[in-house]
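Numbering (the numbering used here), first residue to last: 625 to 868.
The beta carbon of each residue, even a glycine, is placed where N, CA and C say it ideally should be.
Please read all numbers here as calculations on a predicted model, not as lab measurements.
Here's the structure we're looking at; comments come further down.
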């Protein structure tokens with residue numbers, strides 16, 4: 625199903641990324657959602673997608689061929705429409721996801737209370753993070769006071785109002801997002817859209833919730849939010865110690 629990714633002009637969303645879905649997803653509700661990833665780009669934002677019925681035909685044929693492709697009758701959508709179609713057709717256990725979210729938020733709140741109490745987190749006038757070292761360093765008066773090992777969870781863009789998982793962000797080194805791939809795998813296994821999809825419409829609270837789930841699933845010590853010109857980066861703290 626893969627074709628070159630180009631921009632497409634959408635009457636509703638303007639010029640956006642081009643995406644490809646089957647005819648049934650484009651018009652359907654609750655049709656199921658399957659996606660395929662290019663081996664050369666396994667972390668692509670908008671993988672080609674198809675419904676349960678197309679998946680059954682593809683499996684019976686053993687591949688994408690003339691019959692399965694004709695049945696799918698692939699449609700071109702912009703990424704904005706793709707997100708809407710994905711949300712409309714994706715099926716998941718919402719109650720189970722709510723329980724996971726609640727447990728994760730409680731977990732992170734407790735860890736954050738411990739961090740702030742033991743290490744005075746939030747009292748240091750400066751912090752710096754470094755992808756190469758995988759560290760978040762809090763300093764005062766030009767001296768490092770506290771050092772934390774980190775994993776980049778993801779980022780909220782205030783310009784596009786979207787969440788982007790670190791595993792889909794090419795600017796993030798693999799060494800500081802390996803742990804977050806566990807969250808993606810968990811999302812794929814349990815069919816949780818917000819964990820399995822690379823990018824989706826979101827606001828700051830969503831960033832904290834995804835960070836809480838990440839901390840819960842990887843057993844992180846806490847989390848930190850780093851503001852920037854275009855939004856916020858969310859970091860999971862895996863280890864922390866006083867600077868020598």
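When only Cα atoms are considered, residue 752 and residue 772 end up about 10 Å apart. Unbroken alpha helix (DSSP H) runs of no fewer than 4 residues, entirely contained in the region 742-822, are found at 805-814 and 817-820, following chain order. Per DSSP, the beta-bridge partners of residue 659 are 673. Take residue 791, set aside five residues on each side of it, and the residues of its chain with a beta-carbon closer than 7 Å to its own are 667, 801, 804, 805 and 808, in chain order.
For the set 725, 679, 778 and 861, the Cα lying nearest the Cα of residue 697 is the one of 679. In this chain, the beta strand (DSSP E) harbouring residue 862 covers 855-866. Around the C-beta of residue 735, 16 or more other C-beta atoms lie within 10 Å, and the residue is accordingly described as buried.
Within the same chain, Cβ atoms closer than 6 Å to the Cβ of residue 739 are found at 745 and 846, the five residues on either side in sequence being excluded. Residue 848 places its beta carbon 8 Å or farther from that of residue 732.
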